[in-house]
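Scroll down for the structure; my scribbles are underneath it.
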Amino acid sequence: MNKLIVIAFVGLIYAFPVNAQHITDINFADAIRKDCSDCIDADNNLQPPAKDLKKLDVQNSGIESLEGIGEFNSLTVLDIRGNRNLSSLPNLPVSLVELWIGATAINNLESLPPSLQLLECNGCPLTSLPALPATLKRIFCEKSSLTSLPPLPEGLTDLYANYSPILKLPNIPSTLYVLYIYGTKITSLPPFPDGLSYFKITDHTIDCIPSDNPNLWIRDINGDRISTTLCDGGKKAGVMNTEATTEKAVGKCVSGDCENGIGTYVSKKGEVTATYKGSFKNGQNDGKGILTFSDGNSYNGEWKNGVIEGAGTMTFNNGKKSTGIWKGGSLWSGTGYFDFGENGTYYGKVNENMPDGQGVRTYSNGKSFTGTFSKAKAVSGNGYLFYPNDKHSFEGAIVNGEPNGMGIYSNPNGQVFSGNFVNGDLEGSGKWTSPNGGNYNGSFKNSQFDGYGIRTFDDGSIYKGNWSEGKRSGTGSLYDKNGDLDYSGEWSDDKMANPGNAASYKNDLWESAKSVFSRVTFTGWQNQTINGQKGSVDITDELHLNSDYTLYGTRETSVVIGDTRYSGKINISGSYDPVTQIIQIEYGSLIEGDELPDGLTWTESGTGNAKVYENDKHPGYYIISSSDGDDDNAFEETDYQ
0 MNKLIVIAFV GLIYAFPVNA QHITDINFAD AIRKDCSDCI DADNNLQPPA
50 KDLKKLDVQN SGIESLEGIG EFNSLTVLDI RGNRNLSSLP NLPVSLVELW
100 IGATAINNLE SLPPSLQLLE CNGCPLTSLP ALPATLKRIF CEKSSLTSLP
150 PLPEGLTDLY ANYSPILKLP NIPSTLYVLY IYGTKITSLP PFPDGLSYFK
200 ITDHTIDCIP SDNPNLWIRD INGDRISTTL CDGGKKAGVM NTEATTEKAV
250 GKCVSGDCEN GIGTYVSKKG EVTATYKGSF KNGQNDGKGI LTFSDGNSYN
300 GEWKNGVIEG AGTMTFNNGK KSTGIWKGGS LWSGTGYFDF GENGTYYGKV
350 NENMPDGQGV RTYSNGKSFT GTFSKAKAVS GNGYLFYPND KHSFEGAIVN
400 GEPNGMGIYS NPNGQVFSGN FVNGDLEGSG KWTSPNGGNY NGSFKNSQFD
450 GYGIRTFDDG SIYKGNWSEG KRSGTGSLYD KNGDLDYSGE WSDDKMANPG
500 NAASYKNDLW ESAKSVFSRV TFTGWQNQTI NGQKGSVDIT DELHLNSDYT
550 LYGTRETSVV IGDTRYSGKI NISGSYDPVT QIIQIEYGSL IEGDELPDGL
600 TWTESGTGNA KVYENDKHPG YYIISSSDGD DDNAFEETDY Q
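Residue numbers for the sequence shown follow numbering that gives the first Met the number 0, beginning at 0 and rising by one.
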């Protein structure tokens, strides 16, 4: 018999878990079951869904051991807060983005996951932290036992270390936005970056502030302003340097001193009445004041020359708030809510009057994106994004500003690409559809058809074969809209290499294909690993060929486990390429099957490829076979009985 071509079956008839991780801590097992019932069985063994779980919340569950957590290798968020008897951690999934360990007994962290962006250790007996990953953005370690901090990574935006016995801060990265250290033993500070906007300390514990940023928001434990001297001398912290950009609306003073004092001023514009209560200077809002609108919107904060300027909070009639530092009537930095009209809304961190930091973008179609923004551009996160400039959208994961992972891209022409994206390009297996009915299902490279794929054209004709850089190239077959074969052979630069052979191919290939499937029953075996032991199972396929080279039928499988034989039967479908003699099989629904032992299941979906050979030992008969190269999934069957 001819040497087998190495073509692996990627979808098997059934799937058996191999060496499933057992969770020894009963409380941990129960907490997993509560958060993800499909992730663990009745014997506390992890199941396949555990490998795809993104978030695990096991707070306040009485857990003493997290052994087995490493098997959750897609986990991005782990919340174990409140497990007060948990004193140590095993190796954590490298995929973690957020780690919440507050109010546990954990007193040592040997290392942190390389992609971690948020670490929370409030109330932990930790005295030190390991080297911090470069990806870390936020640290929340209040009321901890930390006496020092390691070097802080460039990119860190938030540091909360209140009520911790820290004596000294390391150099502060230029990206730090919030620094809260009240209740610590720190008496001096390293230089502050210009971007630091929020700073809380215990009053009178620090001699001076190492920053001359006039917009730096400095408060004590109670949120009251502190007028600590700047380290470069002379000035007081928190002084705002602003300029007027608009004038106060026309109206009337109804009480108090609306020129240079405290008063109440009422104005009306259209149907909306505005009432300002607060400080005035030279007849304009200046100082602290509250502006309330009859439509439910309001602002409470600082003013300069009639303009919202300084620290304040805008509350909208939908319940959203914008709070932080304002310039010229617009939120300059802080947390805010933006309404972009037909292009949706944004709520989250703001810098320079743009989405910048963690936030949520919500659109009129109800879809949203949650993640990190930089200068209004999404740089990391998950969800739906619409780009109004060129009218395209993407739904999936964003990493470093580009689509990465499984996602769906739509362009303004109505074309849709779906599959696995790498740095913005569709790579590997994917799909493409056009608004006119055309589609492609197959391999991609740099977002172009590349490799084996099946393309349905707008006129209904179908090409099955190889592609290169978006063009048909290599071996392939073209079928008309009725499913009849027009040409099968070589292609080059999207054209038939030998178009004159099309007619002769058509009849010869069909007759050859009919002879292969003249006997519909094929029997054989397939290698499989069951409970860690390699062996083979008996299979019987019934394959019927349609005139368009599609296949349909059933597969029966028989396997011995222990001393018992189990049998199952499923529907199958697929296609046959008469040129390459490749069979593609797609496994369908379960028709019938014996009940398998606990932990073993029949799989009702999957796909596979195999090659047809002439049976050298029995002329006129055929063999269907495949192998993955090391025979772990070797497969062979024949129509010779």
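We treat Cβ as the ideally placed atom computed from N, Cα and C, and that holds for glycine. On a predicted model such as this, the values are computed, not experimentally measured, just so you know.
Please go through the same chain and pick out, in chain order, the residues whose beta-carbon is closer than 8 angstroms to the beta-carbon of residue i, but skip the five residues on each side of it.
i: T75; result: K53, K54, S94, L95, V96, E97
i: P132; result: L111, P112, P113, S114, L115, P152
i: S254; result: G262, T263
In whole angstroms, what separates the C-alpha of residue i from that of residue j?
i: P149; j: G598; result: 46 angstroms
i: T520; j: E613; result: 16 angstroms
i: G607; j: D34; result: 34 angstroms
i: S363; j: S392; result: 13 angstroms
i: N304; j: S293; result: 23 angstroms
i: L175; j: L188; result: 14 angstroms
i: P164; j: I200; result: 14 angstroms
i: N281; j: A377; result: 43 angstroms
i: N570; j: W524; result: 18 angstroms
i: N399; j: A375; result: 14 angstroms
i: Y462; j: W331; result: 56 angstroms
i: I22; j: Q583; result: 39 angstroms
i: Y621; j: L544; result: 15 angstroms
i: G370; j: G406; result: 16 angstroms
i: N452; j: G436; result: Sequence inspection shows Gly at residue 452; the Asn mentioned does not correspond to that position. Their Cα atoms are separated by approximately 17 angstroms.
i: L77; j: N350; result: 29 angstroms
i: G561; j: P596; result: 10 angstroms
i: F516; j: T539; result: 14 angstroms
i: I62; j: T334; result: 36 angstroms
i: Y197; j: N170; result: 17 angstroms
Bridge partners of residue i, per DSSP?
i: F198; result: L178, I217
i: Q357; result: T371
i: K273; result: Here residue 273 is Ala; the residue named in the question, Lys, does not match the sequence. For A273, which the question treats as bridged, DSSP gives the partners S266, F292.
i: Q583; result: S574, N608
i: I622; result: Y612, T637
i: H391; result: Y386
i: G469; result: In DSSP, G469 forms no bridge with anything.
i: R80; result: Partner(s): none; R80 has no beta bridge.
i: E258; result: Answer by DSSP bridge pairing: none, since E258 is not bridged.
i: A496; result: DSSP lists no partner for A496.
So for residue i, helix, strand or coil by DSSP?
i: F448; result: strand
i: L155; result: coil
i: E70; result: helix
i: A28; result: helix
i: S511; result: helix
i: N570; result: strand
i: K320; result: strand
i: E594; result: coil
i: C38; result: helix
i: G400; result: coil
i: E341; result: helix
i: G233; result: The predicted position of G233 is uncertain, since its pLDDT is 29 and thus under 50; a value taken from the coordinates is nonetheless stated next. In the structure shown, G233 sits in coil (DSSP, three-state: anything other than H, G, I, E or B).
i: T366; result: Thr is not the amino acid found at residue 366; the sequence shown has Lys there. Coil at K366, not helix or strand.
i: K50; result: helix
i: K33; result: helix
i: L115; result: coil
i: F456; result: coil
Short of 7 angstroms in beta carbon distance, which residues of its chain neighbour residue i, apart from the five on each side in sequence? Order them along the chain.
i: Q580; result: K610, V611
i: D424; result: N445, S446
i: S409; result: H391, S392, V415
i: K646; result: As displayed, the chain neither begins before 0 nor continues past 640, which places residue 646 out of reach and without an answer.
i: K319; result: Y336, Y346
Using a Cβ-Cβ cutoff of less than 6 angstroms, which residues in the same chain neighbour residue i once the five nearest sequence positions on both sides are dropped?
i: V558; result: V536, Y565
i: T241; result: Note that T241 has pLDDT 28, beneath the 50 cutoff, so the model's placement of it is unreliable and no number is given.
i: F191; result: P209, S210
i: W601; result: Y13, G567, L589, G592
i: N422; result: E401
i: I31; result: C38, I39
i: L91; result: P112
i: G413; result: P434
i: S643; result: This structure cannot settle anything about residue 643, because the visible part of the chain is limited to 0 through 640.
i: F27; result: I62
Assuming residue i and residue j form a contact by the criterion Cβ under 8 angstroms, report the distance between their Cβ atoms to the nearest whole angstrom.
i: G441; j: D547; result: Going by Cβ atoms, the distance from G441 to D547 rounds to 18 angstroms, so no, they are not a contact pair.
i: L542; j: G552; result: 5 angstroms
i: P387; j: F372; result: That belief does not hold up - the Cβ atoms of P387 and F372 are roughly 15 angstroms apart, past 8 angstroms.
i: L168; j: L145; result: Incorrect: roughly 11 angstroms between the Cβ atoms, too far for contact.
i: L85; j: T103; result: 5 angstroms
If you measure from the beta carbon of residue i to each beta carbon in chain D, is any gap under 8 angstroms?
i: G358; result: Protein chains in the displayed structure number just one, and chain D is not present.
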